[in-house]
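Undergrad: Below is a structure I'd like to ask you about.
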Amino acid sequence: MKKELLTLGIECTAHTFGVALIKGKNPLANIRDSYTTTKGGIIPLEAAKHHKEVKEKILEQALKKSRITLEDIDSISVSNAPGLSPCLLIGMKFAKKISLKYKKPLIGVNHCVAHLEIGKLLTKTKDPVLLYTSGANTQIIAFEGGKYRIFGETLDQGVGNFLDSFARYIGLGFPGGPKIYELSLKSKNYIELPYNVKGMDFSLTGILTNLKQKYDSEKYLTEDLCYSAQETVFAMLVEVAERAMAHTGKKELLIGGGVGCNIRLQEMCKIMCEEREAKFFSPPNEVLVDNALMIAWTGSLMYSAGVRNTPEELDINPSQRTDEVEVKW
Ligand code: ATP
Ligand code: FE2
Numbered sequence: 006m007k008k009e010l011l012t013l014g015i016e017c018t019a020h021t022f023g024v025a026l027i028k029g030k031n032p033l034a035n036i037r038d039s040y041t042t043t044k045g046g047i048i049p050l051e052a053a054k055h056h057k058e059v060k061e062k063i064l065e066q067a068l069k070k071s072r073i074t075l076e077d078i079d080s081i082s083v084s085n086a087p088g089l090s091p092c093l094l095i096g097m098k099f100a101k102k103i104s105l106k107y108k109k110p111l112i113g114v115n116h117c118v119a120h121l122e123i124g125k126l127l128t129k130t131k132d133p134v135l136l137y138t139s140g141a142n143t144q145i146i147a148f149e150g151g152k153y154r155i156f157g158e159t160l161d162q163g164v165g166n167f168l169d170s171f172a173r174y175i176g177l178g179f180p181g182g183p184k185i186y187e188l189s190l191k192s193k194n195y196i197e198l199p200y201n202v203k204g205m206d207f208s209l210t211g212i213l214t215n216l217k218q219k220y221d222s223e224k225y226l227t228e229d230l231c232y233s234a235q236e237t238v239f240a241m242l243v244e245v246a247e248r249a250m251a252h253t254g255k256k257e258l259l260i261g262g263g264v265g266c267n268i269r270l271q272e273m274c275k276i277m278c279e280e281r282e283a284k285f286f287s288p289p290n291e292v293l294v295d296n297a298l299m300i301a302w303t304g305s306l307m308y309s310a311g312v313r314n315t316p317e318e319l320d321i322n323p324s325q326r327t328d329e330v331e332v333k334w
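Be aware that the sequence shown starts at 6, since it is given in this note's numbering, and climbs by one per residue.
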């Protein structure tokens, strides 16, 4: 029988520091701690400071929960791209220290690819179009010709950052996505906003400016603006996702990224899929938001395919794109 790989994963690209363990396809632990603010957005150096403070504790909790020791693991994977440099550096240093101390192979994992791989594992989709909607990234991705290709994406900010920026502007704190959702439930009054789909891409900053102007004019209810913001930008995302499905002929849509927790976005995806006789899949919320389980799982896929990095050569890559990763697994 083939040995089940035991992989340690470390996530550290932005606001979340996490450690997870996976044996074969079975998650053993997925522990995280996130940097949050009540006022203002994410400050990279502050988030990195948070990661530095919690890293040992999170590792300890993950090992305790899975009842294993670092001697037992086969490899370590760390999210080395893309992300905020100060945060990436904390995770990289930590992973290298463990790798050298316990003489375990080290593998660098692309955070965006990991969002997709964990979704595939947990929903059992085979060849989906991924609607990847997180803070910094918003992309429509599908596998074609050995790589995860980007079929469409935001031309400026990610949809999570868009929601967080508006939330911050109206005094809701960070992260704002869930708070905007709560407010949107109080409204059914759609207020016209710009709709910016450009071919397979889309742009969000103009809508944000328009929302802020409307808010400042004091002519609109905040819940109506939250409702309309969601309806508009989610419709844009679903439109481009549908076009990617039509173009590639794929029959599965998978959602990934923190904004994927939004019930209304999931509902709109479901309706679109039903109308074209395709299937919609969403993994549990705990792997939609940033998490280390996706890093552990993707790392174990890469390790099985023979990918090996060493602590001497592995570095962070803050701006690596999804389609730069060669998918060998
Ligand atoms: P990236 O993956 O691009 O590096 P990230 O690290 O910020 O970005 P995630 O943890 O995947 O990403 O997502 C965080 C985002 O998800 C935040 O912008 C947050 O507001 C949003 N979010 C979380 N829950 C919800 C929800 N229920 N509705 C809408 N947005 C949500
Ligand atoms: Fe993410």
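Using N, Cα and C, we set each Cβ at its ideal position, and we do this for glycine too. The structure displayed is predicted, hence computed values, not measured ones.
Quick one, which of Cys278, Tyr232, Tyr220, Cys231 has its alpha-carbon nearest Glu247's?
TA: Along the sequence shown, one-based indexing puts residue 247 at 242. Of Cys278, Tyr232, Tyr220, Cys231, the residue nearest in Cα terms is Cys278.
Undergrad: How would you write the range of the beta strand (DSSP E) that Ser39 sits in, first residue to last?
TA: By one-based count along the sequence shown, residue 39 stands at place 34. Here the beta strand (DSSP E) through Ser39 covers 31-39.
Undergrad: Starting from Glu65 and walking both ways along the beta strand (DSSP E), at which residues does that stretch end?
TA: Your numbering for residue 65 matches position 60 in the sequence shown. That residue, Glu65, is in no beta strand (DSSP E); its alpha helix (DSSP H) goes 49-71.
Undergrad: Can you determine whether any heavy atom of ligand 1 sits closer than 7 Å to the C-beta of Ala19, and answer yes or no?
TA: Position 14 of the sequence shown, counting from 1, holds the residue named residue 19. Checking every heavy atom of ligand 1 against the Cβ of Ala19, one is found closer than 7 Å.
Undergrad: On a Cα-Cα basis, can you pick out the residue from Gly211, Lys98, His120 that is closest to Asp320?
TA: Here residue 320 refers to the residue found at position 315 when the sequence shown is read from its first residue. Residue Lys98 is the option with its Cα nearest to Asp320.
Undergrad: Locate the beta strand (DSSP E) running through Arg154, then write down its first and last residues.
TA: Walking along the sequence shown from the start, residue 154 turns up at place 149. Unbroken beta strand (DSSP E) run through Arg154: 152-158.
Undergrad: Could you tell me whether the Cβ atoms of Leu216 and Leu230 are closer together than 8 Å?
TA: In the sequence shown, residue 216 corresponds to position 211, counting from 1. In the sequence shown, residue 230 corresponds to position 225, counting from 1. Yes; because the gap between Cβ atoms is below 8 Å, this pair is in contact.
Undergrad: Could you tell me which uninterrupted alpha helix (DSSP H) segments, each at least 4 residues in length, are contained entirely in the stretch 287-331, listed from first to last along the chain?
TA: 290-293, 298-309
Undergrad: Would Met241 pass as a contact of Asn201 if the rule is Cβ separation under 8 Å?
TA: Counting from 1 along the sequence shown, the entry for residue 241 is found at position 236. Counting from 1 along the sequence shown, the entry for residue 201 is found at position 196. Their beta carbons are under 8 Å apart, which means Met241 touches Asn201 by this criterion.
Undergrad: For Gly304 and Pro87, I'd like the C-alpha separation in whole angstroms.
TA: Within the sequence shown, numbered from 1, the residue matching residue 304 stands at position 299. Within the sequence shown, numbered from 1, the residue matching residue 87 stands at position 82. Whole-angstrom Cα-Cα distance: 15 Å.
Undergrad: Look up Leu11 in the DSSP assignment and say whether it is helix, strand or coil.
TA: Looking up residue 11 in the sequence shown gives position 6. If DSSP states are grouped into helix, strand and coil, Leu11 belongs with the strands.
Undergrad: Tell me the DSSP secondary structure of Thr74 in three-state form.
TA: Walking along the sequence shown from the start, residue 74 turns up at place 69. In the three-state scheme derived from DSSP, where H, G and I count as helix and E and B as strand, Thr74 is classed as coil.
Undergrad: Could you pull the start and end residues of the beta strand (DSSP E) that Thr21 belongs to?
TA: Mapped onto the sequence shown, residue 21 falls at position 16. Looking at the DSSP string, the run of the beta strand (DSSP E) that includes Thr21 is 21-28.
Undergrad: Within the continuous beta strand (DSSP E) that includes Leu259, where are the two ends?
TA: For this step, residue 259 is matched to residue 254 along the sequence shown. First-last of the beta strand (DSSP E) with Leu259: 257-261.
Undergrad: Compute the minimum distance between the beta carbon of Asp295 and the heavy atoms of ligand 2, and state whether it is under 7 Å.
TA: Stepping through the sequence shown from its first residue, residue 295 is reached at position 290. Within the cutoff, so yes.
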